[in-house]
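**Student:**
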Amino acid sequence: MYRWEGMANRRLYHPGMSIFPDAIRTVVVAALETAAAQGLLPSLSDVAFVVERPRDRAHGDWSANIGLVAAKRAGRAPRQVAEAVVANLPQIDHVERVEIAGPGFINFTLAPSWYHEVLRRAAAGGPGHARSDAGAGERIQVEFVSSNPNGPLHIGHGRGGVIGDVLCRMLEYVGHPVSREYYYNDAGVQMDRFAASLHARYLQALGREAAVPEDGYQGEYLVAWGRELAAEHGAAFADGPDAQDRVRVWGLNRSMRDIEETLQLARIPFDVWFSELDLHRDGRVAEAIEVLRSRGYVYEAEGATWFRTTDFGDEKDRVLVKSDGEYTYIAPDVAYHHDKFSRGFDRVINIWGADHHGYIPRMKAAVAGLGYDPDRLEILITQTVNLTRAGEPVRMSTRAGEFVTFREVLEEVGTDATRYFLSAYSPDTAMTFDFEAAKAQSMDNPVYYLQYAHARMCSLERFAGEQGVVRLPLAEVDLAVLTHPAEAELLRQIDRLGEEVAEAAQRRAPHGLTGFGQEFAAAFHRFYTDCRIVTDDPAVTQARLWLVEAAKSVIRAILDLLALTAPETM
Numbered sequence: 284m285y286r287w288e289g290m291a292n293r294r295l296y297h298p299g300m301s302i303f304p305d306a307i308r309t310v311v312v313a314a315l316e317t318a319a320a321q322g323l324l325p326s327l328s329d330v331a332f333v334v335e336r337p338r339d340r341a342h343g344d345w346s347a348n349i350g351l352v353a354a355k356r357a358g359r360a361p362r363q364v365a366e367a368v369v370a371n372l373p374q375i376d377h378v379e380r381v382e383i384a385g386p387g388f389i390n391f392t393l394a395p396s397w398y399h400e401v402l403r404r405a406a407a408g409g410p411g412h413a414r415s416d417a418g419a420g421e422r423i424q425v426e427f428v429s430s431n432p433n434g435p436l437h438i439g440h441g442r443g444g445v446i447g448d449v450l451c452r453m454l455e456y457v458g459h460p461v462s463r464e465y466y467y468n469d470a471g472v473q474m475d476r477f478a479a480s481l482h483a484r485y486l487q488a489l490g491r492e493a494a495v496p497e498d499g500y501q502g503e504y505l506v507a508w509g510r511e512l513a514a515e516h517g518a519a520f521a522d523g524p525d526a527q528d529r530v531r532v533w534g535l536n537r538s539m540r541d542i543e544e545t546l547q548l549a550r551i552p553f554d555v556w557f558s559e560l561d562l563h564r565d566g567r568v569a570e571a572i573e574v575l576r577s578r579g580y581v582y583e584a585e586g587a588t589w590f591r592t593t594d595f596g597d598e599k600d601r602v603l604v605k606s607d608g609e610y611t612y613i614a615p616d617v618a619y620h621h622d623k624f625s626r627g628f629d630r631v632i633n634i635w636g637a638d639h640h641g642y643i644p645r646m647k648a649a650v651a652g653l654g655y656d657p658d659r660l661e662i663l664i665t666q667t668v669n670l671t672r673a674g675e676p677v678r679m680s681t682r683a684g685e686f687v688t689f690r691e692v693l694e695e696v697g698t699d700a701t702r703y704f705l706s707a708y709s710p711d712t713a714m715t716f717d718f719e720a721a722k723a724q725s726m727d728n729p730v731y732y733l734q735y736a737h738a739r740m741c742s743l744e745r746f747a748g749e750q751g752v753v754r755l756p757l758a759e760v761d762l763a764v765l766t767h768p769a770e771a772e773l774l775r776q777i778d779r780l781g782e783e784v785a786e787a788a789q790r791r792a793p794h795g796l797t798g799f800g801q802e803f804a805a806a807f808h809r810f811y812t813d814c815r816i817v818t819d820d821p822a823v824t825q826a827r828l829w830l831v832e833a834a835k836s837v838i839r840a841i842l843d844l845l846a847l848t849a850p851e852t853m
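Below, the structure written as structure tokens:
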């Protein structure tokens, strides 16, 4: 849905999208101005109205609700407003029919000539034909995954990773310069507990008596890592005042290697890996606190240093430096966000797990306190993923007992299916990941259904070649023969790619792209079932081959944005 709020407001559309929402807005406003000049209506050109694709195809390709929303101000019935607008509409190229329906809706039906242009653009431009530069003026940093380096990634980290990666790809598709960043907490209490736990497992591997601390990490992966450490270094890290520190460094490197390998398997790249420890070493934590102090948001009480977050709506002020001189966990996070904005990003997007929801007001307060617009910081919360195996829930804690790692899911289910299912649900909705459904090789599996559309397209092209059909240059092909309803629907779906990617990117909603992918695949599968490609009519054959080529551009774009493979056979 696209809302018109006046000519001066930001356009949601760009050359890679259908031009018609903007074109319709422009002519409707022109008609309102003409009607006002004639005394038929009062001035209504600043009224906000919606231009959207109607759900019912019988209502045309686009619909504007101007009659409905302007009626009260006009002092007219909605249909009377719509009639005045239609009577004064300027000419719009490629519009076949304009009708008034219901309580003041104006429906626009596009001519086949428009969809022929859509086909030509998609066939010629490939998967990138709907790209745009609409976001070129806004540099965006996306920070995601950012799991502590104290163990393997679990499926919740994987969900945040896939959502973040697809979001970055969509933002880039609509022109934004994007930087992908992973922030790892290699300082603090959690790393101390991790080091103590690994040291105990290492000593056990050397045959010594040692117990994992009660508040430490119990996962079996540490048993394996302890054995690795013992095999690599013998007893070199067992004793001495710096023994645990040396184990800590080894464990950090081992954990980061596992994380990087898992993310590579998941096709999730990063541009920047940012260390919390560097913030401390470089004095940037103290520097950020001084910025807050200089702006009047820091005070001393009870021997501690406090951040006056209540000035920004937080429920209570927060301690930055404890009475013993140690920083609290919020202090390096304030410094990290100071560093982010000092690098010149226009917008910063953090993707956090569900357990960080309560932390949002504090970070918004930190950004505001540092002197930046808090609206430039967006925080997306991804809800939990429930794994089931044989109907039983799988435990997910990294600090106690067994858990299924993200890598194990990728290796068992496959990267394509794992990525698809993790991006197919709204991030703010908890989801259940069904192993058997994800692995199914059938049309009931949505990722199979999507990829099979591409495989069918490739199969049709091979078959045409086997039949001796040589595809003519597109300029020589008569597209007017594409009159079958399944062809018309597929053309309409091709026209949607740019707007669907832009809307999903704007809403920070990768699941919008998977939803469109299913609709597009369904349109192609119907076309495949209803329309023979190689026919006795050479003109129809040529036009349908080019329609398949255009459709392949769209399906490839969807698969590329989701970072899924595009199989040619299945």
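Going by our numbering, the first residue of the sequence shown is number 284, and it counts up by one from there.
Don't be surprised by glycine CBs; every beta carbon is placed ideally from N, CA and C.
Cα-Cα, which of Val-369, Gln-374, Leu-393, Ala-394 is closest to Ile-383?
**Tutor:** Here the closest residue by C-alpha is Val-369.
**Student:** Are the region 356–368 and the region 736–746 touching by the rule of at least three beta carbon pairs closer than 8 Å?
**Tutor:** The region 356–368, when compared against the region 736–746, does not touch it at the 8 Å Cβ threshold.
**Student:** Helix, strand or coil: how does DSSP classify Ser-396 here?
**Tutor:** In the structure shown, Ser-396 sits in a helix (DSSP, three-state: H, G or I).
**Student:** Of all the alpha helix (DSSP H) runs that stay within the bounds of the region 301–364, which reach a length of 4 or more residues?
**Tutor:** Those alpha helix (DSSP H) runs which fall completely within the region 301–364 and span 4+ residues are 303–320, 349–357.
**Student:** Expressed to the nearest angstrom, what Euclidean distance is found between the alpha-carbon atoms of Met-453 and Ala-519?
**Tutor:** For Met-453 and Ala-519, the distance between alpha carbons rounds to 49 Å.
**Student:** Determine the extent of the beta strand (DSSP E) in which Glu-590 is found, giving its start and end residues.
**Tutor:** The identity of residue 590 in the sequence shown is Phe, whereas the question assumes Glu. Unbroken beta strand (DSSP E) run through Phe-590: 587–590.
**Student:** With a CB to CB cut of under 7 Å and the five nearest residues on each side skipped, what residues in its chain are close to Ala-833?
**Tutor:** Leu-402, Ala-405, Ala-406, Ile-777, listed in sequence order.
**Student:** Taking DSSP's pairing of strands, which residues face Gln-825 in a bridge?
**Tutor:** In DSSP, Gln-825 forms no bridge with anything.
**Student:** Quick check on this structure: which residue in Pro-337, Val-333, Ala-846, Glu-770 has the alpha carbon closest to the alpha carbon of Thr-812?
**Tutor:** It is Glu-770 whose Cα lies nearest to the Cα of Thr-812.
**Student:** Could you give the C-beta distance for Pro-410 and Asp-843, rounded to a whole number, given that I count them as a contact under 8 Å?
**Tutor:** With 8 Å as the limit, Pro-410 and Asp-843 qualify as a contact, their Cβ atoms being about 6 Å apart.
**Student:** Among all the DSSP beta bridges, which residues are the ones paired with Arg-601?
**Tutor:** In DSSP, Arg-601 forms a bridge with Phe-590.
**Student:** What number of angstroms, rounded off, separates the C-alpha of Ser-462 from the C-alpha of Glu-400?
**Tutor:** Approximately 35 Å, taken between the alpha carbons.
**Student:** Measuring only the C-alpha atoms, how far is Ile-664 from Asp-376?
**Tutor:** Cα to Cα, Ile-664 sits roughly 44 Å from Asp-376.
**Student:** Report back the beta-carbon spacing between Ala-787 and Pro-793 to the nearest angstrom; my notes put them in contact at under 8 Å.
**Tutor:** With 8 Å as the limit, Ala-787 and Pro-793 qualify as a contact, their Cβ atoms being about 6 Å apart.
**Student:** Go to Thr-665, then tell me how far its alpha helix (DSSP H) extends in each direction, as first and last residue.
**Tutor:** That residue, Thr-665, is in no alpha helix (DSSP H); its beta strand (DSSP E) goes 660–665.
**Student:** Helix, strand or coil: how does DSSP classify Ala-584 here?
**Tutor:** Strand.
**Student:** When you compare only the Cα positions, how much space is there between Phe-427 and Asn-633?
**Tutor:** Rounded to the nearest angstrom, the two C-alpha atoms are 6 Å apart.
**Student:** How should Val-457 be labelled, buried or exposed, when 16 other C-beta atoms within 10 angstroms of its C-beta is the threshold for buried?
**Tutor:** Burial call: buried.
**Student:** According to DSSP, which residues form a beta bridge with Val-668?
**Tutor:** Paired residues: Met-714.
**Student:** May I ask whether a heavy atom of the ligand NAP can be found less than 6 Å away from the beta carbon of Gly-509?
**Tutor:** Only the bare structure without any ligand can be found here, which leaves the ligand NAP out of the picture.
**Student:** Tell me the DSSP secondary structure of Ile-383 in three-state form.
**Tutor:** In this structure, Ile-383 counts as strand in the three-state DSSP scheme.
**Student:** Val-425 by DSSP, collapsed to three states: which one?
**Tutor:** Here Val-425 sits in strand by DSSP.
**Student:** Our contact map puts Asp-226 next to Arg-491 with C-beta atoms below 8 Å; I'd like the distance itself, whole angstroms only.
**Tutor:** Residue 226 cannot be examined here, being either before or after the span of the chain that is shown, 284 to 853.
**Student:** Would the beta-carbon of Arg-809 fall within 7 Å of that of Ile-816?
**Tutor:** No. Outside cutoff.
**Student:** With 16 other CB atoms within 10 Å as the buried threshold, where does Glu-768 fall?
**Tutor:** The residue asked about is misnamed: residue 768 is Pro in this sequence, not Glu. The residue is exposed, with fewer than 16 neighbouring Cβ atoms inside 10 Å.
**Student:** Apply the 10 Å Cβ neighbour rule to Ala-683 and answer buried if 16 or more other Cβ atoms are within range, or exposed otherwise.
**Tutor:** Annotation note: pLDDT 49 at Ala-683 (below 50); position unreliable, no value reported.
**Student:** In the DSSP output, which residue or residues are listed as bridge partners for Glu-675?
**Tutor:** The partner list for Glu-675 (beta bridge, DSSP) reads Arg-672.
**Student:** Counting Cβ pairs, one atom from each stretch, are 3 or more of them under 8 Å apart for the region 439–455 and the region 601–611?
**Tutor:** Not touching, per the Cβ criterion.
**Student:** Please decide whether Val-449 counts as near chain D, where near means a Cβ-Cβ distance under 7 Å.
**Tutor:** Structure shown: chain D not included; a single protein chain is present.
**Student:** Helix, strand or coil, according to DSSP, for Gly-636 in the structure here?
**Tutor:** In the structure shown, Gly-636 sits in a strand (DSSP, three-state: E or B).
**Student:** Under DSSP, the beta strand (DSSP E) around Val-555 begins and ends at which residues?
**Tutor:** First-last of the beta strand (DSSP E) with Val-555: 555–558.
**Student:** Going along the chain, which unbroken runs of the beta strand (DSSP E) with 3 or more residues stay wholly within the region 514–585?
**Tutor:** Within the region 514–585, the complete beta strand (DSSP E) runs of at least 3 residues are 555–558, 581–584.
**Student:** Quick one: grab the DSSP three-state call for Ala-683.
**Tutor:** Bear in mind that a pLDDT of 49 at Ala-683, under 50, signals an unreliable position, so the number given afterwards is only what the model happens to contain. Three-state result, Ala-683: coil.
**Student:** Please determine, among Leu-575, Ala-649, Met-646, Leu-603, the residue with the shortest C-alpha to C-alpha distance to Glu-585.
**Tutor:** If we check each option's Cα against that of Glu-585, Leu-603 comes out closest.
**Student:** Would you please state the rounded distance, in angstroms, between the beta carbons of Glu-455 and Val-425? I believe it to be under 8 Å.
**Tutor:** With 8 Å as the limit, Glu-455 and Val-425 do not qualify as a contact, their Cβ atoms being about 10 Å apart.
**Student:** By Cβ distance below 6 Å, which residues in the same chain neighbour Ala-367 in space, the five residues on each side in sequence not counted?
**Tutor:** Only Ala-318, Leu-323, Leu-324 meet the Cβ criterion.
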